[in-house]
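Per the UniProt record's numbering: the sequence shown = residues 1 to 411.
Glycine residues also receive a C-beta, built at the ideal position from the N, C-alpha and C atoms.
Remember, it's a predicted structure, so these values are computed and weren't measured experimentally.
Structure first, commentary second.
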Amino acid sequence: AKEVPATCPGGGAVWWSCCRETFRERRGIHRHVGTQHGGDVGRQATGPSGERWGNRLSEWHQQEGAEQQSVLCTGHSAAPLGNVGEVLLYYCYCDVKDPEKLCAWQKALCQHLHLTGKVRVASEGINGTVGGSKVATKLYIEVMLSQPLFKDILCQDDFKSSAGGAHCFPDLRVGVFKEIVPMGIDPKKVSYKETGIHLTPQEFHREVEQYLSQSSQGQSDTILLDCRNFYESKIGQFQGCLAPDIRKFSYFPSYVDENLKLFKNKRVLMYCTGGIRCERGSAYLRSKAVCKEVYQLKGGIHKYLEEFPDGYYRGKLFVFDDRYAISSNEDVISACRYCGTLWDQYKLCSSQHCRQLVLTCLSCRKKGLTACCPVCQEKELEVTSGASVQALKEECECTKRRPRVPVERIS
Numbered sequence: 001a002k003e004v005p006a007t008c009p010g011g012g013a014v015w016w017s018c019c020r021e022t023f024r025e026r027r028g029i030h031r032h033v034g035t036q037h038g039g040d041v042g043r044q045a046t047g048p049s050g051e052r053w054g055n056r057l058s059e060w061h062q063q064e065g066a067e068q069q070s071v072l073c074t075g076h077s078a079a080p081l082g083n084v085g086e087v088l089l090y091y092c093y094c095d096v097k098d099p100e101k102l103c104a105w106q107k108a109l110c111q112h113l114h115l116t117g118k119v120r121v122a123s124e125g126i127n128g129t130v131g132g133s134k135v136a137t138k139l140y141i142e143v144m145l146s147q148p149l150f151k152d153i154l155c156q157d158d159f160k161s162s163a164g165g166a167h168c169f170p171d172l173r174v175g176v177f178k179e180i181v182p183m184g185i186d187p188k189k190v191s192y193k194e195t196g197i198h199l200t201p202q203e204f205h206r207e208v209e210q211y212l213s214q215s216s217q218g219q220s221d222t223i224l225l226d227c228r229n230f231y232e233s234k235i236g237q238f239q240g241c242l243a244p245d246i247r248k249f250s251y252f253p254s255y256v257d258e259n260l261k262l263f264k265n266k267r268v269l270m271y272c273t274g275g276i277r278c279e280r281g282s283a284y285l286r287s288k289a290v291c292k293e294v295y296q297l298k299g300g301i302h303k304y305l306e307e308f309p310d311g312y313y314r315g316k317l318f319v320f321d322d323r324y325a326i327s328s329n330e331d332v333i334s335a336c337r338y339c340g341t342l343w344d345q346y347k348l349c350s351s352q353h354c355r356q357l358v359l360t361c362l363s364c365r366k367k368g369l370t371a372c373c374p375v376c377q378e379k380e381l382e383v384t385s386g387a388s389v390q391a392l393k394e395e396c397e398c399t400k401r402r403p404r405v406p407v408e409r410i411s
């Protein structure tokens, strides 16, 4: 693959040429190289030239500005791609003095490794999920671990991997935000430094085992809390958990505020996908000073499933990319929205004005039942009106009938 200026030098626009084909979008060249040249590029990346690539990347963190670009642009436009890929999930809370600089560095690194995905940078750290070939993700981890900013904080075990690749994301998005996970509260007011006690997957497993045993006898003083969104816990969760019916993590603080009596004098075991939401979520819960203690699963469900694929977590693990879910066991705990048959494969609502996730089985989809609710099903058939997209979203039956912050019943 060759990256070529689409206009005159200095114009800024680029396109890619390979096999006598022209690709005007990065996504297109990603897929072409991954499917047509995976073996060739994989051999290049693991051979002598690949070693040189790795060596140059390991030194890259010392370069700045235009120098960063020049280190990788000469002779390496065919970045390490392969036909076997994966998706990485990671985060690192640390003090970042110059988020804009880190953002530019991260974007250039991902582009040169032909990685797609989403990376959030803030003064409180970095949070990313990226997809690409295993060669590219391996090099990505090496560079991240050698970056001075993360060198003494981030470790190999902090990266969670699953089968996938660059095709799991539509593009690459790297940006600077106020928070690396959107809880909606200033990090200076509720800091990751005030987080709960971290439990390894083994420790968490034992705690859940004890909790389930005591709960069956009506003796537990523990709450097993899922701090993800409702559509995540709907297709997979720990047995015996409390799964709040909230749509966004930014609603979690309000959920805690409205349910303080529920948490009073309780031991709370928290978990989420990879651990990042528990960092701030546990800090917020601790700030209310009502719990006996707050614990969180280190590495999240991802790390737990690596050690206990057939443990107390049942169903699928929701992921925020085009796969929607990954599995470690055969349990299906959710059902088709229309006929009630067991089903856990999400699709986007077919209404262009909604696009929420919906569980509708193949049989129902063949009948044309592809929207999340009757209102959206009707809208799909209507001629687009002049109403704003936001207004139409608010009319969705699913959104309208769900309480923003549910109040749990205390037994």
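With DSSP as the reference, label I185 as helix, strand or coil. Here residue 185 is taken as the residue at index 185 of the sequence shown, counted from 1. Note: I185 maps to coil in three-state DSSP.
Who pairs with I126 in a beta bridge, going by DSSP? The residue given as residue 126 occupies position 126 in the sequence shown. DSSP lists C92 and V121 as partners of I126.
Residue burial classification, Q296 (beta-carbon count within 10 angstroms, cutoff 16): Here residue 296 refers to the residue found at position 296 when the sequence shown is read from its first residue. It is buried - the Cβ of Q296 has at least 16 other Cβ atoms within 10 Å.
E86 and G128 closer than 9 Å at C-beta: By 1-based counting over the sequence shown, the position of residue 86 is 86. By 1-based counting over the sequence shown, the position of residue 128 is 128. No; because the gap between Cβ atoms is not below 9 Å, this pair is not in contact.
Does D344 pass the burial test, meaning 16 or more other C-beta atoms within 10 Å, or should it be called exposed? Along the sequence shown, read from residue 1 onward, the residue named residue 344 stands at position 344. Of the other Cβ atoms in all chains shown, 16 or more fall within 10 Å of the Cβ of D344; this residue is therefore buried.
Extract the residue ranges of the beta strand (DSSP E) inside the region 278 to 326, only unbroken runs of 3 or more that lie entirely within it. Taking only runs of at least 3 residues, the beta strand (DSSP E) segments lying wholly in the region 278 to 326 are 293 to 297 and 313 to 318.
Three CB pairs or more closer than 8 Å across the region 246 to 254 and the region 154 to 161: Pairwise C-beta distances place the region 246 to 254 out of contact with the region 154 to 161, as fewer than three of them are shorter than 8 Å.
Within the same chain, show all residues whose beta-carbon is closer than 8 Å to that of P182, passing over the 5 residues directly before and after it, in chain order. Translated into the one-based positions of the sequence shown, residue 182 becomes position 182. Only residues of its own chain outside the window of five on either side were considered, and among them K248, F249 and S250 have a CB closer than 8 Å to the CB of P182, listed in chain order.
Segment contact, 8 Å Cβ cut-off, at least three pairs: the region 262 to 276 with the region 226 to 234: Yes, they touch.
Is the CB of L357 under 9 Å away from at least one CB in chain E? Among the chains in the structure shown there is no chain E, since it carries only a single protein chain.
To which residues of the same chain is L149 closer than 8 Å at the C-beta, ignoring the five residues directly before and after it? In the sequence shown, counting from the first residue as 1, residue 149 sits at position 149. The residues are C94, V96 and L102.
With a CB to CB cut of under 8 Å and the five nearest residues on each side skipped, what residues in its chain are close to L357? Counted from its first residue, the sequence shown places residue 357 at position 357. Here the set comprises Y231, Y324, Y346, K347, L348, C349 and C372.
Do C361 and C396 count as a contact pair if the criterion is CB distance below 9 Å? Translated into positions along the sequence shown, residue 396 becomes position 396. Translated into positions along the sequence shown, residue 361 becomes position 361. Contact: no.
Under three-state DSSP, which class holds Y346? Locating residue 346 in the sequence shown gives position 346, counting from the first residue. It is a strand residue.
Give me the residue from R267, F263 and D171 with the minimum Cα distance to V208. Walking along the sequence shown from the start, residue 208 turns up at place 208. Nearest option by C-alpha distance: R267.
Between which two residues does the beta strand (DSSP E) holding R257 run? Position 257 of the sequence shown, counting from 1, holds the residue named residue 257. Inspection of the sequence shows that residue 257 is occupied by Asp rather than by Arg. Here D257 belongs to no beta strand (DSSP E); instead the alpha helix (DSSP H) covers F252 to E258.
Who does G236 pair with in a DSSP beta bridge? Here residue 236 corresponds to residue number 236 of the sequence shown, with the count starting at 1. G315.
Hey, out of A166, L145 and G165, whose CA is closest to Q156's CA? Residue mapping note: residue 156 aligns to position 156 of the sequence shown, counting from 1. Selected option, being the one with the closest Cα: L145.
Is it the case that the region 235 to 245 contacts the region 278 to 288, given that we only count it when at least three CB pairs across the two stretches are under 8 Å? Result no; under three Cβ-Cβ pairs closer than 8 Å.
Rounded to a whole number of angstroms, what is the C-alpha to C-alpha distance between K316 and G184? On the sequence shown, position 316 is the one that residue 316 refers to. On the sequence shown, position 184 is the one that residue 184 refers to. Using only the alpha carbons, I get a separation of about 27 Å.
Reduced DSSP category for R173 - H, G, I as helix; E, B as strand; rest coil: If you number the sequence shown from 1, residue 173 lands on position 173. R173 falls in the strand class under three-state DSSP.
Contact check, G117 vs L172 under 8 Å by CB: the rounded distance? Your numbering for residue 117 matches position 117 in the sequence shown. Your numbering for residue 172 matches position 172 in the sequence shown. Cβ-Cβ separation between G117 and L172: approximately 6 Å, consistent with a contact (criterion under 8 Å).
Give the single residue among E293, Q377 and V407 whose Cα lies nearest to the Cα of N265. On the sequence shown, residue 265 is found 265 positions in, with the first residue counted as 1. The residue among E293, Q377 and V407 with its C-alpha nearest the C-alpha of N265 is E293.
Are A283 and V405 touching if we call contact CB-CB under 9 Å? Position 283 of the sequence shown holds residue 283. Position 405 of the sequence shown holds residue 405. No, Cβ-Cβ distance for A283 and V405 is not below 9 Å.
Can I180 and A122 be called in contact, C-beta distance under 9 Å? The residue given as residue 180 occupies position 180 in the sequence shown. The residue given as residue 122 occupies position 122 in the sequence shown. A122 sits close to I180, with the two beta carbons spaced by under 9 Å.
Buried/exposed call for D321, threshold 16 Cβ in 10 Å: On the sequence shown, position 321 is the one that residue 321 refers to. It is buried - the Cβ of D321 has at least 16 other Cβ atoms within 10 Å.
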